[in-house]
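**Student:**
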Amino acid sequence: MNFWQNLSVIEPPFVVVKVEKTNGSTPRASDAKMVITHDDVLGTIGGGNMEYQAISLAQNLLKSSQDKIVDWQTFPLIPRFDQCCGGRVQLSFEKVTQQTLWFQKLKNLSLNDFKDYVLIHQNNNIPRTLITLEDFNKNRFIHNSTAQNQFFEPLIPVQPKIIILGAGHVARSLIHHLTPLELDISCYDTRACELNKIKQPNVKKKLFDDAQSMMNAVPNHSYCLIMTHSHRLDFELTKSCLVRAGLLKFIGLIGSKAKKHRFVQQLINLGISSAEISKLECPVGTPNIQGKTPELIALSITYQLLEKLQQDSLRPKDFKEPYCVSELSV
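Going by the working numbering, the sequence shown wraps up at 325, each residue one higher than the last.
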């Protein structure tokens, strides 16, 4: 579950602290959040003196009357906290109680409904409002002269689709590294016994009879990682991926340089173009991490995949200006 889904099961009162704007070098980017209750702190906005001070301010807000439930603070990191990052961070503090309207709606949502809602709020003094994405787009909450300080956040942000073809040792280790991140992860295999070994609840597991039906289920614009138990199945999946190379964000194949050489020769014989073949990353993973254990291979793939995700960054760097949600729904 993501931040807002986890938040929906916390008992108020608590304070939501969020990084709204950043300028220069800062510990966390815009959108980082944490929750402060009377006896606990969940999440982080970057640690250090700034976070310590933010926790103190949130605890004071918890103890205060209902008159002021929203506060904004700007923190210059060097003069105020002696943090060498040197930038400036604007934080919002919102006290949430049983009477907070948006939270009342949030806690009544089913997990499947979260993707259909967005939180909006105005700079400095107006609490969040929870509305549907449909209503959000109808009202066109986009940047204009009267909405310069308006912020929005989908409850489920656009998540890159990671499709792992194969559920063996490397795949399971890779899933272990990827699941803490906000990614839409699916794992496909022809073996139910291997899929059943994946225990992470946020991973979609799908069982297929053959390569073609497996490949037909791979969505466009996904990051595809091929690591099945069978070289024949790997080849069929690789061929199908390369035919769709223009529609996929990434195609990675586990294996050696010798395996790549054999596959490339076969692909050329089948008429796959050199431009399509050039999209194949094999051996998948960064060469900077060497090793043959499933754990090291998975770390190497994670490193390369995160680099690719950073390059493709599907989300705005921060929320300094409002964006139309429909523009993000790719």
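Glycine included, every Cβ here is placed at the ideal spot set by N, Cα and C.
(1) Tell me whether V91 sits in a helix, a strand or coil according to DSSP, three-state version.
(2) Buried or exposed: which applies to R123, given that a residue is buried once 16 or more other Cβ atoms fall within 10 Å of its Cβ?
(3) Please list, in chain order, all residues of the same chain as D66 whose beta carbon is under 6 Å from its beta carbon, the five residues on each side excluded.
(4) Rounded to the nearest angstrom, how far is the Cβ of I157 from that of Y218, given a contact under 8 Å?
(5) Look up L160 in the DSSP assignment and give the residues it is bridged to.
(6) Given this structure, state the Cα-to-Cα distance separating I180 from K303, to the nearest angstrom.
(7) Ignoring anything shorter than 4 residues or poking outside the segment 265 to 302, list the alpha helix (DSSP H) runs there in chain order.
(8) Pop quiz: M45 and V36 are said to be a contact at Cβ under 8 Å. What is the actual Cβ separation, rounded to whole angstroms?
(9) Nearest by alpha-carbon distance to L243: which of H164, L275, E290 and Y298 is it?
(10) Does the Cβ-Cβ distance between P282 and H164 come in under 8 Å?
(11) For P149, list the residues DSSP reports as bridge partners.
(12) What separation, rounded to the nearest whole angstrom, lies between the Cα atoms of Q305 and S295?
(13) CB I159 to CB I170, shorter than 8 Å?
(14) Verify whether the separation of the beta carbon atoms of P196 and T95 is less than 8 Å.
(15) Report yes if the CB atom of M222 is closer than 8 Å to the CB atom of I193, and no otherwise.
(16) Of all the CB atoms in chain B, is at least one closer than 8 Å to the CB of M29?
(17) Give the secondary structure of L37 by DSSP, where H, G and I count as helix, E and B as strand, and everything else as coil.
(18) Rounded to whole angstroms, what is the Cα-Cα separation between I292 and R186?
**Tutor:** Checking against the coordinates, here is how it stands:
(1) As a first step, residue 91 is located in the sequence shown; it is residue number 96 there, counting from the start. DSSP places V91 within a strand segment (E or B) once states are collapsed to three.
(2) Along the sequence shown, read from residue 1 onward, the residue named residue 123 stands at position 128. In summary, R123 is buried, with 16 or more beta-carbon neighbours lying within 10 Å of its beta-carbon over all protein chains present.
(3) As a position in the sequence shown, residue 66 is number 71, starting the count at 1. Once the five neighbours on either side are set aside, the close Cβ partners of D66 are F88.
(4) The sequence position of residue 157 within the sequence shown is 162, counting from 1. The sequence position of residue 218 within the sequence shown is 223, counting from 1. Confirmed, about 5 Å.
(5) Numbered from 1 along the sequence shown, position 165 holds the residue referred to as residue 160. Beta bridge pairing from DSSP links L160 with Y183 and I221.
(6) Taking the sequence shown and counting its residues from 1, one reaches residue 180 at position 185. Taking the sequence shown and counting its residues from 1, one reaches residue 303 at position 308. Near 16 Å, if we compare the C-alpha coordinates of K303 and I180.
(7) Those alpha helix (DSSP H) runs which fall completely within the segment 265 to 302 and span 4+ residues are 269 to 272.
(8) For the purposes of this step, residue 45 is identified with residue 50 of the sequence shown, where counting begins at 1. For the purposes of this step, residue 36 is identified with residue 41 of the sequence shown, where counting begins at 1. 14 Å between Cβ atoms; not a contact.
(9) Stepping through the sequence shown from its first residue, residue 243 is reached at position 248. Considering only alpha carbons, the answer is L275.
(10) Walking along the sequence shown from the start, residue 282 turns up at place 287. Walking along the sequence shown from the start, residue 164 turns up at place 169. Contact check for P282 against H164 fails: the beta carbons are separated by 8 Å or more.
(11) On the sequence shown, residue 149 is found 154 positions in, with the first residue counted as 1. For P149, which the question treats as bridged, DSSP gives the partners V113.
(12) On the sequence shown, residue 305 is found 310 positions in, with the first residue counted as 1. On the sequence shown, residue 295 is found 300 positions in, with the first residue counted as 1. In this structure, the alpha-carbon of Q305 lies about 16 Å from that of S295.
(13) Taking the first residue of the sequence shown as 1, we reach residue 159 at position 164. Taking the first residue of the sequence shown as 1, we reach residue 170 at position 175. With respect to I170, I159 sits close: the two C-beta atoms are nearer than 8 Å.
(14) In the sequence shown, residue 196 corresponds to position 201, counting from 1. In the sequence shown, residue 95 corresponds to position 100, counting from 1. Cβ distance not < 8 Å, so P196 and T95 don't count as in contact.
(15) Counting from one through the sequence shown, the residue named residue 222 turns up at place 227. Counting from one through the sequence shown, the residue named residue 193 turns up at place 198. Taking the C-beta atoms as reference points, I193 is found no nearer than 8 Å to M222.
(16) The structure shown contains no chain B, having only a single protein chain.
(17) Here residue 37 corresponds to residue number 42 of the sequence shown, with the count starting at 1. In the three-state reduction of the DSSP assignment, L37 falls in the strand class.
(18) Here residue 292 refers to the residue found at position 297 of the sequence shown. Here residue 186 refers to the residue found at position 191 of the sequence shown. Rounded to the nearest whole angstrom, the CA to CA distance from I292 to R186 is 22 Å.
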